[in-house]
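Residue numbering for the sequence shown follows the numbering used here, beginning at 14 and increasing consecutively.
First the structure, in the form of structure tokens, and then the observations on it.
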Amino acid sequence: MKLPIYLNALRAFEASTRHQSFSAAAAELNVTPAAVGQLVRSLEASLGTPLFHRSSGGRARLVATEAAERALPDIRAGFDRLSLGLARLKG
Numbered sequence: 014m015k016l017p018i019y020l021n022a023l024r025a026f027e028a029s030t031r032h033q034s035f036s037a038a039a040a041e042l043n044v045t046p047a048a049v050g051q052l053v054r055s056l057e058a059s060l061g062t063p064l065f066h067r068s069s070g071g072r073a074r075l076v077a078t079e080a081a082e083r084a085l086p087d088i089r090a091g092f093d094r095l096s097l098g099l100a101r102l103k104g
């Protein structure tokens, strides 16, 4: 199955999961919270599954769905491998 998944969307998803917040993820990635939200929503649409349970109230907090939690170790390992590959290219 071939999906048009983009690295920026995966990065936004991973950072949002770690921070439980689009705002904190946006600060880390140097983009706006709206951009992070849009990237995550596009990833959810491509996958056909929600990645977060969104809560509201005093302080909105993102909670990863079970499917997202299962995928996170592989996504993080993928980013680690990409970083290693780039380091090797630099010499």
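The beta-carbon is built from N, C-alpha and C at its ideal position, and this holds for glycine as well.
The same chain holds no residue with a CB closer than 6 angstroms to that of residue 60 once the five nearest residues on each side in sequence are set aside.
Distance between residue 45 and residue 32, taken at the CA atoms: about 15 angstroms.
It is roughly 24 angstroms from the alpha-carbon of residue 43 to the alpha-carbon of residue 63. Our two residues, residue 47 and residue 39, have alpha carbons roughly 8 angstroms apart in a direct line. Annotation for residue 76: 66 place their beta carbon closer than 6 angstroms to its own, counting only its chain and skipping 5 residues before and after.
Cβ neighbours of residue 57 within its own chain (closer than 6 angstroms, five residues either side excluded): 63, 64.
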